[in-house]
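For the working numbering, add 573 to where a residue sits in the sequence shown, where the first one is 1.
Comments concern the structure below.
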Amino acid sequence: MQIEFRKVDYIYKKNTPLAARALHDINLTLPSKRFIAIIGHTGSGKSTLLQHLNGLLTPTKGSMKIGDEEIIADQKNKALKKIRQKVGIVFQFPEYQLFEETVEKDICFGPMNYGVSRDNAKEKSSYYLKMVGLDDSYLGLSPFELSGGQMRRVAIAGILAMEPEVLVLDEPTAGLDPYGSREIMEIFARMHQSGDMTTILVTHNMEDAARFADEIVVMESGEIMQTGSPEMIFSNAAELERLGLKLPKTVQFQKMFEAQSGCLLSKVHLNEEDLVAEICTLVNGVTVC
Numbered sequence: 574m575q576i577e578f579r580k581v582d583y584i585y586k587k588n589t590p591l592a593a594r595a596l597h598d599i600n601l602t603l604p605s606k607r608f609i610a611i612i613g614h615t616g617s618g619k620s621t622l623l624q625h626l627n628g629l630l631t632p633t634k635g636s637m638k639i640g641d642e643e644i645i646a647d648q649k650n651k652a653l654k655k656i657r658q659k660v661g662i663v664f665q666f667p668e669y670q671l672f673e674e675t676v677e678k679d680i681c682f683g684p685m686n687y688g689v690s691r692d693n694a695k696e697k698s699s700y701y702l703k704m705v706g707l708d709d710s711y712l713g714l715s716p717f718e719l720s721g722g723q724m725r726r727v728a729i730a731g732i733l734a735m736e737p738e739v740l741v742l743d744e745p746t747a748g749l750d751p752y753g754s755r756e757i758m759e760i761f762a763r764m765h766q767s768g769d770m771t772t773i774l775v776t777h778n779m780e781d782a783a784r785f786a787d788e789i790v791v792m793e794s795g796e797i798m799q800t801g802s803p804e805m806i807f808s809n810a811a812e813l814e815r816l817g818l819k820l821p822k823t824v825q826f827q828k829m830f831e832a833q834s835g836c837l838l839s840k841v842h843l844n845e846e847d848l849v850a851e852i853c854t855l856v857n858g859v860t861v862c
């Protein structure tokens, strides 16, 4: 499902002395079935943009088209429930949103709220719990008996069980160690690859943006500064530095290698495996740069 922003502005506390513009003249298309990362430093407008994706916030100026539904500034929007069924958001620390007495009931809550039968919701709870790496033995447990990482997986399963057409991830690995972060991101990558889902990742983590995204949107001061492939975005180190963003560690290492060896690699490498492979080819071939 495609999402379009058309000249969107958003002002917090509009028409008050505390008014603050968070988004300005956003023209952006988030194509269907793509994995898109939205990056920018704190205060760049990422979170405000995210909350527009399922109607938690609506434009103070301009319009949006979310699938077949349109949201227009200063007009009543009757389609918000439909939109929220199609666009699922995994917020930071989603485990804080758990509230039911068992894991099964928590996962079932969302689907049943949108009209899915209890029996069907139970089937979904078992299926999506396995998708996040937990088995049926967890279904009867209280979510609050689980570890923090397990609670996060249950919360994610609850969003996935609603089977959204668009999955929005707001810093989904916040607070996790590197191993846990990679596991969670691999789950989302598998979900994206196995279905027709559009995935939108809002992140400070340049490694995740480089490894998983098909396209990257760079924001600053509530505006879109750049859009493009990860290779294009991370090739421009000077511009990212101006925006207060760092290169992924893999790209940083590549630039250091090129500077010290005098060898320019064939392209910007976005993961360790590809970078190591080309460096090994150079070394084994005793290439003179």
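Backbone N, C-alpha and C fix where the C-beta goes; we use that ideal spot for every residue, glycine too.
In DSSP terms, what residue i is bridged to
i, result
"Ala-593", "Tyr-585"
"Leu-601", "Phe-578"
"Ile-609", "Ile-773 and Glu-788"
"Ser-710", "According to DSSP, Ser-710 bridges with nothing at all."
"Leu-742", "Val-663 and Leu-774"
"Ser-636", "Arg-579 and Ile-645"
"Gly-801", "Ile-789"
"Glu-796", "Glu-793"
Sub-9 Å separation of residue i and residue j beta-carbons
i, j, result
"Lys-606", "Ile-612", "no"
"Leu-629", "Ile-773", "no"
"His-625", "Phe-672", "no"
"Leu-702", "Thr-675", "no"
"Arg-725", "Leu-749", "yes"
"Glu-642", "Ser-636", "no"
"Leu-740", "Val-663", "yes"
"Met-758", "Thr-746", "yes"
"Lys-659", "Pro-751", "no"
"His-614", "Gly-835", "no"
"Gly-683", "Gly-731", "yes"
With 16 other Cβ atoms within 10 Å as the buried cut-off, status of residue i
i, result
"Gln-827", "buried"
"Ala-782", "buried"
"Leu-837", "exposed"
"Thr-621", "buried"
"Glu-812", "exposed"
"Lys-697", "buried"
"Arg-691", "exposed"
"Phe-807", "buried"
"Phe-717", "exposed"
"Asn-600", "exposed"
"Pro-803", "buried"
"Thr-631", "buried"
"Val-727", "buried"
Of the listed residues the options, nearest to residue i (C-alpha basis)
i, options, result
"Ile-656", "Gln-665, Ile-639 and Phe-666", "Ile-639"
"Asn-778", "Ser-839, Val-739 and Thr-823", "Thr-823"
"Lys-580", "Thr-615, Thr-633 and Tyr-687", "Thr-633"
"Lys-587", "Asp-647, Gly-616, Thr-800 and Val-689", "Asp-647"
"Ile-609", "Asp-708, Glu-677, Val-791 and Phe-666", "Val-791"
"Val-775", "Ala-592, Leu-623, Leu-601 and Gln-575", "Leu-623"
"Lys-695", "Cys-681, Ser-794, Tyr-687 and Val-705", "Cys-681"
"Tyr-687", "Phe-761, Thr-854, Leu-653 and Met-704", "Leu-653"
Rounded distance between the beta-carbons of residue j and residue i, thought under 8 Å
i, j, result
"Asp-582", "Glu-796", "Actually they do not touch by this definition, with Cβ atoms about 10 Å apart."
"Gly-721", "Glu-756", "Rounded, the Cβ-Cβ distance is 13 Å, inconsistent with contact."
Contact test: residue i Cβ vs the ligand HEM heavy atom, cutoff 8 Å
i, result
"Arg-594", "Although the ligand HEM was asked about, the structure shown includes no ligands whatsoever."
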